[in-house]
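The opening position of the sequence shown corresponds to residue 13 in my numbering, with each subsequent residue numbered one higher.
Report on one structure; see the data block that follows.
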Amino acid sequence: MVSAKFAIGQLITHSLYGYRGVIIDADPVFSLSDEWYQRMATTRPSKQQPWYHVLVNNSSIQTYVSESNLDPDFTEAPIQHPMVDLVFCDRTRGHYVLADKIN
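Next up, the structure:
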């Protein structure tokens, strides 16, 4: 069984590219297409680990990142992204609180 190191709402930093972000969803293993993996996952991280959907700070980009490429971000600085207020309802001690789902 695969265990996730990070949680939804947790702040992270990409270990290779240095950007900050917040996790909005997680998959226990890679779940996108092989075509996406070949085109986008240039460092070829293992597909057999958790992968996270991340809102990238100071951007409108959402990315998909393997757990091995993430580090916790302890700065507690807010994430600037247009979807933050749609996905989360609050932020406490640097961790975002997921908003209630409508349906």
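Where is the CB? At the ideal position from N, CA and C, for every residue including glycine.
With a 10 Å radius around the Cβ and a threshold of 16 neighbouring Cβ atoms, Q22 comes out buried. Excluding residues up to 5 positions away in sequence, Y49, K59, W63 lie with their Cβ nearer than 7 Å to the Cβ of F42 in the same chain. Annotation: A111 to D97 spans about 9 Å, alpha carbon to alpha carbon.
Beyond the five residues adjoining it in sequence on each side, V34 comes within less than 6 Å, by CB distance, of L23, L67, I91, Y108 in the same chain, given in chain order. In this chain, the alpha helix (DSSP H) harbouring V96 covers 96-99. Under the DSSP assignment, R51 falls outside any beta strand (DSSP E), being part of the alpha helix (DSSP H) whose first and last residues are 46-52.
The beta carbon of P84 sits closer than 8 Å to the beta carbons of F18, Q22, L23, I24, T25 from its chain, once the five residues preceding and following it are set aside; these are given in chain order.
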